[in-house]
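Structure first, then comments.
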Amino acid sequence: MPIWLIVIIVILVLIVLYVVGVYNNLVKLRNQVDDQKSQIDVELKRRFDLVPNLVETVKGYTKHEKGTLEGVVKARNAYVSASDTSGQLEADGELTKAISKLFALTESYPDLKANENFMDLQNELSEIEQKIVYSRGFYNDSVLKLNNKIEMFPSNIIANIFGFKKHEYFKAQESERANVEVKF
Numbered sequence: 014m015p016i017w018l019i020v021i022i023v024i025l026v027l028i029v030l031y032v033v034g035v036y037n038n039l040v041k042l043r044n045q046v047d048d049q050k051s052q053i054d055v056e057l058k059r060r061f062d063l064v065p066n067l068v069e070t071v072k073g074y075t076k077h078e079k080g081t082l083e084g085v086v087k088a089r090n091a092y093v094s095a096s097d098t099s100g101q102l103e104a105d106g107e108l109t110k111a112i113s114k115l116f117a118l119t120e121s122y123p124d125l126k127a128n129e130n131f132m133d134l135q136n137e138l139s140e141i142e143q144k145i146v147y148s149r150g151f152y153n154d155s156v157l158k159l160n161n162k163i164e165m166f167p168s169n170i171i172a173n174i175f176g177f178k179k180h181e182y183f184k185a186q187e188s189e190r191a192n193v194e195v196k197f
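Shown next, in the form of structure tokens:
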């Protein structure tokens with residue numbers, strides 16, 4: 014076998030191995046992004062399961078704060094019905110704002126503030142919120158790695174050939190960047 018043929022075969026094998034390696038890395042990164050997104054969904058589900066209990070507890074003390082309670086329930090339902098990441102982000106921002114208003118109500122109701130059930134729910138919700146923040150951070154890190162790989166040469170060629178698409182970051186909505194204004 015001529016030497017030039019051996020060199021061509023070795024080069025082709027190296028190229029195939031490189032393509033397989035980059036493809037596998039892209040798949041790993043995409044799966045990591047999907048895993049991180051599902052971790053956020055798990056924590057959001059825990060929060061959404063907790064919200065009805067919180068609303069019911071508050072309802073007993075705050076008969077005339079119906080609008081705030083309805084806002085929390087409406088925001089919770091909007092997230093559940095959102096079909097894509099941007100819709101989920103928007104609904105999540107609304108829910109966060111509604112929950113903040115709900116907790117601001119406790120200042121006006123000392124009996125509610127002292128209620129052990131409410132305090133347990135509030136602490137659990139606070140814990141869940143922290144987990145959501147961490148999960149979002151890990152998700153955004155995973156998205157950054159995947160998006161970099163998809164955009165950087167030469168892996169971008171392989172990503173385009175196999176149809177890998179950039180993912181969206183979790184970002185704060187404009188409404189979340191502003192201070193929450195609570196009026197009684």
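Using our numbering, the first residue of the sequence shown is number 14, and each one after it goes up by one. Think of the CB as a built atom: it goes at the ideal place given N, C-alpha and C, for glycine as much as any other residue. The structure presented is a predicted model; accordingly, all values stated were derived computationally and were not measured.
Go ahead and label residue i buried or exposed: buried means 16 or more other beta carbons lie within 10 angstroms of its beta carbon, across all protein chains shown.
i: residue 34; result: exposed
i: residue 23; result: exposed
i: residue 150; result: exposed
i: residue 131; result: buried
i: residue 105; result: buried
i: residue 138; result: buried
i: residue 64; result: buried
Under 9 Å, do residue i and residue j count as touching if we go by C-beta distance?
i: residue 67; j: residue 135; result: yes
i: residue 102; j: residue 183; result: yes
i: residue 39; j: residue 168; result: yes
i: residue 107; j: residue 117; result: no
i: residue 159; j: residue 179; result: yes
i: residue 177; j: residue 43; result: yes
i: residue 32; j: residue 171; result: yes
Whose C-beta lies closer than 6 Å to the C-beta of residue i among residues of the same chain, with five residues either side of it excluded?
i: residue 111; result: 84, 85 and 88
Pull up the distance between the alpha-carbon of residue i and that of residue j, whole angstroms please.
i: residue 50; j: residue 148; result: 8 Å
i: residue 133; j: residue 69; result: 14 Å
i: residue 36; j: residue 30; result: 10 Å
i: residue 62; j: residue 55; result: 11 Å
i: residue 94; j: residue 41; result: 29 Å
i: residue 129; j: residue 81; result: 21 Å
i: residue 19; j: residue 27; result: 12 Å
Give me, in chain order, the residues of the same chain whose beta-carbon lies closer than 8 Å to that of residue i; leave out the 5 immediate sequence neighbours on both sides.
i: residue 16; result: none
i: residue 153; result: 182 and 183
i: residue 193; result: For residue 193, the predicted model reports a pLDDT of 46, less than 50, meaning its position is unreliable; a value from the coordinates is still stated below. Answer for residue 193: 110, 113, 114 and 117, listed in chain order.
i: residue 99; result: 181
Please return the same chain residues whose Cβ sits closer than 7 Å to the Cβ of residue i, not counting the five positions on each side in sequence.
i: residue 196; result: Because residue 196 carries a pLDDT of 45, less than 50, the predicted location of this residue cannot be relied on, and no value is offered for it.
Of the residues the options, which one's Cα is nearest the Cα of residue i?
i: residue 60; options: 172, 31, 141 and 45; result: 141
i: residue 161; options: 113, 46, 138 and 53; result: 46
i: residue 53; options: 18, 146 and 96; result: 146
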